[in-house]
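Only one structure is covered here, and it is reproduced in the block below.
Number of protein chains: 2
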Amino acid sequence: MAHRHDPNDGGEFQSPALERLVRGLSRLPGLGRKSATRIALHLVAKESPAAELVEAVNEAREQVRNCSRCGAITEPDPCRICTSERRDPSQLCVVASPVDVLPFEKAGFFRGRYFVLGGLLSPLDGVRADDLPFDRLASRIDEDGVAEIIIALDASVEGETTALYVQRLFEGRDLRLSRLATGIPVGGALAYTDEVTLQRAFQFRRGF
Amino acid sequence: MAHRHDPNDGGEFQSPALERLVRGLSRLPGLGRKSATRIALHLVAKESPAAELVEAVNEAREQVRNCSRCGAITEPDPCRICTSERRDPSQLCVVASPVDVLPFEKAGFFRGRYFVLGGLLSPLDGVRADDLPFDRLASRIDEDGVAEIIIALDASVEGETTALYVQRLFEGRDLRLSRLATGIPVGGALAYTDEVTLQRAFQFRRGF
Numbered sequence: 001m002a003h004r005h006d007p008n009d010g011g012e013f014q015s016p017a018l019e020r021l022v023r024g025l026s027r028l029p030g031l032g033r034k035s036a037t038r039i040a041l042h043l044v045a046k047e048s049p050a051a052e053l054v055e056a057v058n059e060a061r062e063q064v065r066n067c068s069r070c071g072a073i074t075e076p077d078p079c080r081i082c083t084s085e086r087r088d089p090s091q092l093c094v095v096a097s098p099v100d101v102l103p104f105e106k107a108g109f110f111r112g113r114y115f116v117l118g119g120l121l122s123p124l125d126g127v128r129a130d131d132l133p134f135d136r137l138a139s140r141i142d143e144d145g146v147a148e149i150i151i152a153l154d155a156s157v158e159g160e161t162t163a164l165y166v167q168r169l170f171e172g173r174d175l176r177l178s179r180l181a182t183g184i185p186v187g188g189a190l191a192y193t194d195e196v197t198l199q200r201a202f203q204f205r206r207g208f
Numbered sequence: 001m002a003h004r005h006d007p008n009d010g011g012e013f014q015s016p017a018l019e020r021l022v023r024g025l026s027r028l029p030g031l032g033r034k035s036a037t038r039i040a041l042h043l044v045a046k047e048s049p050a051a052e053l054v055e056a057v058n059e060a061r062e063q064v065r066n067c068s069r070c071g072a073i074t075e076p077d078p079c080r081i082c083t084s085e086r087r088d089p090s091q092l093c094v095v096a097s098p099v100d101v102l103p104f105e106k107a108g109f110f111r112g113r114y115f116v117l118g119g120l121l122s123p124l125d126g127v128r129a130d131d132l133p134f135d136r137l138a139s140r141i142d143e144d145g146v147a148e149i150i151i152a153l154d155a156s157v158e159g160e161t162t163a164l165y166v167q168r169l170f171e172g173r174d175l176r177l178s179r180l181a182t183g184i185p186v187g188g189a190l191a192y193t194d195e196v197t198l199q200r201a202f203q204f205r206r207g208f
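Chains as they are written, first to last, in my numbering: chain A, 1 to 208; chain B, 1 to 208.
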């Protein structure tokens, strides 16, 4: 396509500043050039939410941190889940990333605490056991008197590898080790279930 | 769904600041709560592009304006299209919004100038002829010696109404009035063309 513009003169806009904003926005996760353009035009419009958004970004960057005990997203450190007396210290849910805490807290059924690994073992990507905080996990188990570890990792190769590693690391201890069930999602249609999930659901079938 | 949180305590996050950022982002056009969460976490992460983005937003808000002659997005005022001697002042393309200039400039075939109405006539939404700058359009036609007006408006009811209004307003003058062709898009499959478009394409069929 014939494009008469120099790449630095503002792209299809008559404004290098707008072009820079669109490029910056389109590097955010999930945003393409079209959505970035729409947002950029919204931000430079007269009744723009830009000032409030900039303030919200700055405030979040100041306030938000990872809990030094469990790794979850928090403002106070340690986080409220680690310090709350209403959470059961004997149940520890091991997750890969801080965002994995969110679906549990949204559902609200889990009354224990969390431990965020910050990653998964992946020989291909060079993530080895030394790179993950397994020693901190071990001391946490001792300190809190953890009786059950629930491993809640992705059902990927890396997730399975890490789950097995955790299992082997702690299987000598007086500790219940469990992991999330694999099977057909609630509301999921049998006909559209992929073969691996179906095989797992069959393999782990339960008696009535 | 059971949600144990007070709406002001940070939602599913343990951080009111992060919750405010997610809410602010999810009010941007095209962003839902999930994409806003993803972007917010990216913005508070250690290697965040937040500082550059904030600067880009502020700079764009300072620099970007609408051309006082044509209404297009620009930094200099009047814009480069209005002042360029390489653009033909006798052809004036009438569009609804500043963003409608972009596809023309990207394609690069149009050598005339633009006039942005800033809206479309819409009796239902209370947009009447007095609300749109038809008087400025008339003086622009006189000043620039415009010989042809190309109406490039959405193929919606409001677009058609506005196109007809412009046509009636200027039909007494020594002026060529045209509008974009309606038909099957280039590369479009006949079988998947909607009936209205097909009927228009048939109605406006051309001889070889």
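The beta-carbon is built from N, C-alpha and C at its ideal position, and this holds for glycine as well.
Separation of Q63(A) and G30(B) (C-alpha to C-alpha, rounded to the nearest whole angstrom) is 27 Å. In this structure, the CA atom of T74(A) is about 43 Å from the CA atom of S97(B).
Along the segment 186-206 of chain A, none of the residues has a CB nearer than 7 Å to a CB of chain B. Looking at Q167(B), L25(B), A201(B) and L180(B), the one whose alpha-carbon comes closest to that of G188(B) is A201(B). Residue pairing of I149(B) in beta bridges, as defined by DSSP: L92(B) and L177(B). DSSP places I184(A) in the coil class of the three-state scheme, outside both helix and strand. At a cut-off of 8 Å between C-beta atoms, F13(B) counts as an interface residue with respect to chain A. Cβ proximity to chain B below 8 Å picks out nothing from the segment 118-150 of chain A. Between the segment 84-94 of chain A and the segment 142-149 of chain A, the count of C-beta pairs closer than 8 Å reaches three or more; the two stretches touch.
When the beta-carbon positions are compared, L153(A) and A163(A) come within less than 8 Å of each other. In the DSSP annotation of this structure, Y192(A) is not part of any alpha helix (DSSP H), being labelled neither H nor E. Proximity of V157(A) to chain B, defined by a Cβ-Cβ separation below 8 Å, is not satisfied. Counting only residues of its own chain and dropping the five nearest sequence neighbours on each side, L25(B) has a CB closer than 7 Å to the CB of L31, A36, I39 and A40. Residue contact with chain A for R38(B): present (Cβ-Cβ distance below 8 Å to some residue of chain A).
In the three-state scheme derived from DSSP, where H, G and I count as helix and E and B as strand, R136(A) is classed as helix. Judged by pairs of C-beta atoms under 8 Å, the segment 160-174 of chain B touches the segment 111-128 of chain B, as three or more such pairs exist.
Judged by DSSP in its simplified three-state form, F204(A) adopts coil rather than helix or strand. In the structure shown, F110(B) adopts coil according to DSSP, grouped into three states. Taking 7 Å as the cut-off between beta carbons, the residues of the segment 88-118 of chain A near chain B are V99, L102, E105, K106 and G108, in sequence order. For the 8 Å CB-CB criterion, L53(B) and H42(A) do not form a contact. For V44(B), the enclosing alpha helix (DSSP H) stretches over residues R33 to V44. With a cutoff of 8 Å on beta-carbon distance, S68(A) and P78(A) are scored as near each other.
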